[in-house]
Amino acid sequence: MTHHPATTADPAPAPLTDLVLAIDVGGTDLKSALADPDGTLLDIRRTPTPAPSQIPGESIVERAAELLADYRAAWPAHRIGAIGLIAPGLVDEINGVGIYSANLGWRDFPFVRRLQDATGLPVTYAHDVGAAGDAEMRFGAARGLEDVVVMIIGTGIAGAVFCGGVRVLAGGYAGELGHARVPGGLPCTCGVVGCLETVGSAGAIARRYAEQSSQPVTGARDVFDAAAAGDPVARQVIDDAVAALAFSISQLVAILGTEAVVIGGGLAQAGESLLGPLRREVDRNLSFHRRPVLLEARMGQDAGLIGAALRARSLLDTP
Numbered sequence: 007m008t009h010h011p012a013t014t015a016d017p018a019p020a021p022l023t024d025l026v027l028a029i030d031v032g033g034t035d036l037k038s039a040l041a042d043p044d045g046t047l048l049d050i051r052r053t054p055t056p057a058p059s060q061i062p063g064e065s066i067v068e069r070a071a072e073l074l075a076d077y078r079a080a081w082p083a084h085r086i087g088a089i090g091l092i093a094p095g096l097v098d099e100i101n102g103v104g105i106y107s108a109n110l111g112w113r114d115f116p117f118v119r120r121l122q123d124a125t126g127l128p129v130t131y132a133h134d135v136g137a138a139g140d141a142e143m144r145f146g147a148a149r150g151l152e153d154v155v156v157m158i159i160g161t162g163i164a165g166a167v168f169c170g171g172v173r174v175l176a177g178g179y180a181g182e183l184g185h186a187r188v189p190g191g192l193p194c195t196c197g198v199v200g201c202l203e204t205v206g207s208a209g210a211i212a213r214r215y216a217e218q219s220s221q222p223v224t225g226a227r228d229v230f231d232a233a234a235a236g237d238p239v240a241r242q243v244i245d246d247a248v249a250a251l252a253f254s255i256s257q258l259v260a261i262l263g264t265e266a267v268v269i270g271g272g273l274a275q276a277g278e279s280l281l282g283p284l285r286r287e288v289d290r291n292l293s294f295h296r297r298p299v300l301l302e303a304r305m306g307q308d309a310g311l312i313g314a315a316l317r318a319r320s321l322l323d324t325p
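Per our numbering, residue 7 is the first one in the sequence shown, and the count goes up by one each step.
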């Protein structure tokens, strides 16, 4: 499968091409797209995530079925052969069950079974960050590598861990990097004191700087800009974040022998302002260990959709 830019393609594929439907469920928005056999995303749409119904998860199934009908009407010359659904929270990808989502409300919801019943199509269900990791491994910064951690750093921090080219699932519990404890960590909304994302996430950087400086900011990018301009408070907040991230990365390298760490999400937009200090701090933390390559994610904001499409396509490619 050859990847092309994740944009709406023009012209459309040849008639009768098998397409797949990719759906990325977020806390506020639901993104969807069709994908052709080459991996090109077509007709990308964004709609509000439906409010939870009496049975959380059921509203997502209903919206997915509506989207399928809408796409079929818009692309009548093409067969949509499978659906790839991704979402945040704890995900049992083997059994197709949403174990838990604090923001979206479901617990032990059988997404694959319900969506297959509603649409008559084969369905795959995966973690959103795991799907983004799959896209980075197949087409992006980690292409050709095997022992990789893809860290998505935004409001929180989550990861996809690959060993020998295979993503570690652990029943849906692997990759919760943001809730690993680090020195200097603060009280977390999960109830534990010391979680990585209380110091190292983009949300934490913006929040801690605003609290300590009494200066309003729109996000972590403003804090990096302030640090570059010589603001000592901004510099300390970023140094704290780098130290926490480097601690967790070093632990991963020591335990797993990770050869590369791919940084994505909102904080990755800081580029070398983040990656340069992070490389140096990771290097200081390690002794005889293999030094991991730190890379910026390449697949962009549609990485999850691309990963969802890859998984859906695998249902059609399997004999």
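Yeah, the Cβ is synthetic: ideal placement off N, Cα and C, and Gly gets one too. No experiment lies behind these values; they were computed from the predicted model shown.
Given that a residue counts as buried once 16 or more other Cβ atoms are within 10 Å of its Cβ, and exposed if not, what is residue i?
i, result
"residue 203", "buried"
"residue 135", "buried"
"residue 312", "buried"
"residue 233", "buried"
"residue 182", "buried"
"residue 54", "exposed"
"residue 130", "buried"
"residue 82", "exposed"
"residue 217", "exposed"
"residue 197", "exposed"
"residue 46", "buried"
"residue 314", "buried"
"residue 147", "buried"
"residue 10", "Confidence is the limiting factor: at residue 10 the pLDDT is only 44, short of 50, which leaves the residue's position unreliable, though a coordinate-based value still follows. The residue is exposed, with fewer than 16 neighbouring Cβ atoms inside 10 Å."
"residue 104", "buried"
"residue 179", "exposed"
"residue 100", "exposed"
"residue 38", "buried"
"residue 35", "exposed"
"residue 184", "buried"
"residue 98", "buried"
"residue 95", "buried"
"residue 44", "exposed"
"residue 286", "exposed"
Which of helix, strand or coil does DSSP assign to residue i?
i, result
"residue 77", "helix"
"residue 305", "coil"
"residue 65", "helix"
"residue 131", "strand"
"residue 189", "strand"
"residue 153", "coil"
"residue 47", "strand"
"residue 6", "For the chain, the structure presents residues 7 to 325; residue 6 sits outside this window and is missing."
"residue 13", "Low confidence applies to residue 13: its pLDDT is 43, below 50, so where it sits in the model is not reliable enough to give any reading."
"residue 148", "coil"
"residue 322", "helix"
"residue 246", "helix"
"residue 138", "helix"
"residue 180", "coil"
"residue 7", "Reliability of the predicted coordinates at residue 7 is poor, the pLDDT of 46 falling under 50, and no value is obtained from them."
Which residues share a DSSP beta bridge with residue i?
i, result
"residue 53", "36"
"residue 161", "DSSP output for residue 161 lists no bridge partner at all."
"residue 173", "168"
"residue 115", "104"
"residue 24", "85"
"residue 196", "Paired residue(s): none; residue 196 is not in a bridge."
"residue 231", "Its beta-bridge partners do not exist; DSSP assigns none."
"residue 93", "133"
"residue 269", "157, 302"
"residue 31", "36"
"residue 98", "103"
"residue 41", "26, 47"
Can you round the beta-carbon distance between residue i and residue j to whole angstroms, since I take them to be within the 8 Å contact cut?
i, j, result
"residue 157", "residue 150", "Incorrect: roughly 19 Å between the Cβ atoms, too far for contact."
"residue 309", "residue 272", "Wrong, their Cβ atoms sit about 13 Å apart, outside the cutoff."
"residue 228", "residue 190", "With 8 Å as the limit, residue 228 and residue 190 do not qualify as a contact, their Cβ atoms being about 22 Å apart."
"residue 268", "residue 322", "Rounded, the Cβ-Cβ distance is 27 Å, inconsistent with contact."
"residue 119", "residue 139", "Between residue 139 and residue 119 the Cβ distance is about 25 Å, and since that is not below 8 Å, they are no contact."
"residue 160", "residue 207", "7 Å"
"residue 110", "residue 62", "7 Å"
inquiry  = Can you confirm whether the segment 99-115 touches the segment 290-298 when touching is taken to mean that 3 or more C-beta pairs between the two stretches lie within less than 8 Å?
reply    = no
query = Counting pairs of Cβ atoms below 8 Å between the segment 172-187 and the segment 221-238, do you hit three or more?
reply = no
request  = State whether the segment 315-323 contacts the segment 80-97, with contact taken as three or more CB pairs (one from each stretch) at a distance under 8 Å.
outcome  = yes
task = Could you say if the segment 195-211 and the segment 245-259 meet the contact criterion of at least three C-beta pairs nearer than 8 Å?
result = yes
ask   = Contact between the segment 65-78 and the segment 124-131: three or more CB pairs below 8 Å?
value = yes
ask   = Would the segment 294-309 and the segment 255-266 be scored as touching if the rule is three or more Cβ pairs under 8 Å?
value = yes
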